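What follows is a single structure, written as structure tokens, with notes after it.
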Amino acid sequence: MKKAWLIVPLLTATLVSCMKSPDTEKLSNSFVVQTSKQPDAEFNSYKTYYISDTIALKTTNPNDTLWVDAGAKQLVDAVKTNMNARGYTFVNSNHSNPDLGLGLTAIKDLNIGVIYPGWWWGYWGGCYWGYCGYPPYYPWYGGGGVIYSVPTGTIILDMIDLKNATANGKLYVPWGAVMSGGLGNTANDLQLGVEAIDQSFTQSPYIQTQ
Amino acid sequence: MKKIIITFSIVFLFVGTGFAQSNLFGVGWEINIPNNNNFLSKTSYAGGKLEYRHFIKKNLSVGVAVNWAYYDQYLPRQTFQKPDGNGAVTGDFVAQVFQLPLTATVHYYFHPGKTIKPYVGVGLGGQYMGQSLYYNVYVSEDNNWGFVARPELGAIIKPAKFDSWGILLAANYSYSTNKTALINSDSFQNIGFTIGVVFGQ
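Take a look at the structure:
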């Protein structure tokens, strides 16, 4: 009878060893698209926007800070197509006083962990959008935003309020998207990146001039 | 994890060899159905239970229990909107949850001394949970402790009145305060069914 107790640790060990990594075979290589907005943002108060043809690149190489080829253009064009479809007008220069500045950042070969309030991926010192000393400000942090980590292969799209930047003394980011996928890892990553940008607008129907 | 369970088993083992008259040890297989908003829905068949009960009266016992369950589910591509409308996430995911409640228990028996002893009980304690969300080539993890309450209904069925072993059948509801930022959830609930054996009184 007493030997029957041996069954307990034996069974326990057996059950615990049955645990395994989950089957991730089914997972698609489409980007996971997270979007957040400032709760009181009024997207119809903005009419014009500007986005550069280049993408800020964050890698382990400190000199590798801009992505300028046709691939970058493809992603930028996807943003323009969506913004135009929502009624916003593109201006040719950020010196033409656009209401909104849109910025794309790509994270490659680098893992940025949890994003803390007040910290920003694109603002690593210096001036941004011609505003020196104005740190970008994410009003949705601390309110339980959905963005928690930025792994390598991620594309970030930020919408920055330039219209009220001087009045605010800050670069408000009323809306942002973090798209995590295999940027630089899969053959069709650019197409998947374009689909991710489209999805970021699809799940944010409130971005409208009307 | 493994160490915790083995330690518990050894404690049970030592305590168990002494006073079998007023003590009961149980080991069982558990099936768990998550009852957790719209996140997890797939039933887990990978679960178990170890428990010890000490009878302070013929119809009343106090004890400790350790349970564990492992959930694993593929969630096809979909958009989750934050309840406040200020955020959304689209993707397909594999959700994996490991649940380990450690509870102090109290049980009341309706027919002490009979071959079939129905009982009601409750377990209160702490629950460790490891929640992981796999997407694309990434994984986000959230491991933490929460408070857990597990009301339970069950029966101990002995082949004969004075046999020192019996069958354990039980059902429980489990509510825990384990939070996960991954899905903006601040609790985890499930319904569990136990089939096991008991040794002792």
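Chains as they are written, first to last, in the numbering used here: chain A, 150 to 359; chain Z, 3 to 203. Note that CB positions come from ideal geometry on N, CA and C, so glycine has one too. These numbers were taken from a predicted model, which means no experiment stands behind them.
Option nearest residue i by Cα separation, candidates the options
i: residue 255 of chain A; options: A:330, A:340, A:183 and A:322; result: A:330
i: residue 190 of chain A; options: Z:58, Z:56, Z:89 and Z:64; result: Z:89
i: residue 181 of chain A; options: Z:137, Z:36 and Z:26; result: Z:137
i: residue 66 of chain Z; options: Z:73, Z:57 and Z:74; result: Z:57
i: residue 33 of chain Z; options: Z:61, Z:60, Z:76 and Z:69; result: Z:69
i: residue 131 of chain Z; options: Z:54, Z:62, Z:181 and Z:105; result: Z:181
i: residue 52 of chain Z; options: Z:105, Z:78 and Z:59; result: Z:105
i: residue 74 of chain Z; options: Z:82, Z:54 and Z:99; result: Z:99
i: residue 205 of chain A; options: A:243, A:197 and A:214; result: A:214
i: residue 95 of chain Z; options: A:348, A:174 and A:317; result: A:174
i: residue 244 of chain A; options: A:357, A:197 and A:186; result: A:197
i: residue 231 of chain A; options: A:242, A:217, A:177 and A:199; result: A:199
i: residue 307 of chain A; options: A:194, A:185 and A:171; result: A:185
i: residue 241 of chain A; options: A:201, A:342 and A:351; result: A:201
i: residue 102 of chain Z; options: Z:117, Z:152 and Z:78; result: Z:152
i: residue 188 of chain Z; options: Z:150, Z:115 and Z:127; result: Z:150
i: residue 191 of chain Z; options: Z:93, Z:37, Z:24 and Z:135; result: Z:37
i: residue 172 of chain A; options: Z:179, Z:197, Z:155 and Z:135; result: Z:135
i: residue 188 of chain A; options: Z:115, Z:87 and Z:97; result: Z:87
i: residue 324 of chain A; options: A:192, A:315 and A:222; result: A:192
Sequence-distant residues of the same chain with beta carbon closer than 6 Å to residue i, five excluded per side
i: residue 113 of chain Z; result: 119
i: residue 111 of chain Z; result: 61, 119 and 121
i: residue 293 of chain A; result: Because the pLDDT at residue 293 of chain A is just 38, under 50, the model does not fix this residue reliably, and the value given afterwards should be weighed accordingly. None.
i: residue 91 of chain Z; result: 82
i: residue 328 of chain A; result: 180, 182, 304 and 345
i: residue 45 of chain Z; result: 35
i: residue 175 of chain Z; result: 153 and 193
i: residue 117 of chain Z; result: 160 and 163
i: residue 128 of chain Z; result: 104 and 147
For residue i: DSSP bridge partner residues
i: residue 319 of chain A; result: Residue 319 of chain A pairs with nothing; no bridge assigned.
i: residue 2 of chain Z; result: This structure leaves residue 2 of chain Z out entirely; chain Z is present only between 3 and 203.
i: residue 169 of chain Z; result: Z:159 and Z:199
i: residue 143 of chain Z; result: Z:134
i: residue 200 of chain A; result: A:251
i: residue 71 of chain Z; result: Z:49 and Z:101
i: residue 215 of chain A; result: A:205
i: residue 55 of chain Z; result: Z:26 and Z:65
i: residue 80 of chain Z; result: Z:93
i: residue 188 of chain A; result: In the DSSP output, where bridge partners are listed per residue, residue 188 of chain A has none listed.
i: residue 33 of chain Z; result: Z:195
i: residue 303 of chain A; result: A:256 and A:329
i: residue 231 of chain A; result: Paired residues: none, contrary to the question.
i: residue 149 of chain Z; result: Z:128
i: residue 41 of chain Z; result: BP columns for residue 41 of chain Z are empty, so no partner.
i: residue 109 of chain Z; result: Z:63 and Z:123
i: residue 181 of chain A; result: A:329
i: residue 187 of chain Z; result: Z:182
Below-8 Å beta-carbon distance, residue i vs any chain A residue
i: residue 188 of chain Z; result: no
i: residue 137 of chain Z; result: yes
i: residue 133 of chain Z; result: no
i: residue 96 of chain Z; result: yes
i: residue 74 of chain Z; result: yes
i: residue 90 of chain Z; result: yes
i: residue 202 of chain Z; result: no
Chain A contact residues for residue i, given Cβ-Cβ distances below 7 Å
i: residue 45 of chain Z; result: Here the premise fails: no neighbours, minimum Cβ distance about 15 Å.
i: residue 79 of chain Z; result: 177 and 179
Same chain only: Cβ atoms within 7 Å of residue i, ignoring 5 sequence neighbours per side
i: residue 200 of chain Z; result: 26, 27, 28, 158, 167, 168 and 170
CB contact below 8 Å: residue i versus chain Z
i: residue 269 of chain A; result: Confidence is the limiting factor: at residue 269 of chain A the pLDDT is only 45, short of 50, which leaves the residue's position unreliable, though a coordinate-based value still follows. Cβ-Cβ to chain Z under 8 Å: no for residue 269 of chain A.
i: residue 143 of chain A; result: Outside the displayed span of chain A (150 to 359) sits residue 143 of chain A, for which this structure offers no information.
i: residue 252 of chain A; result: no
i: residue 194 of chain A; result: no
i: residue 331 of chain A; result: yes
i: residue 223 of chain A; result: no
i: residue 228 of chain A; result: no
Per-residue contacts from residue i into chain Z (C-beta, under 8 Å)
i: residue 180 of chain A; result: 93 and 138
Within chain Z, the residues that residue i reaches when beta carbons sit closer than 7 Å
i: residue 352 of chain A; result: 81, 90 and 92
i: residue 173 of chain A; result: 96 and 136
i: residue 348 of chain A; result: 92
Chain-ordered chain Z contacts of residue i [CB-CB under 9 Å]
i: residue 185 of chain A; result: 84, 88, 89 and 90
i: residue 188 of chain A; result: 86, 87 and 88
Chain B within 8 Å of residue i, Cβ atoms only
i: residue 221 of chain A; result: Protein chains in the displayed structure are A and Z, and chain B is not among them.
Neighbourhood of residue i by C-beta distance below 8 Å, restricted to the same chain and skipping five residues each side
i: residue 195 of chain A; result: 237, 248, 249, 310, 312 and 358
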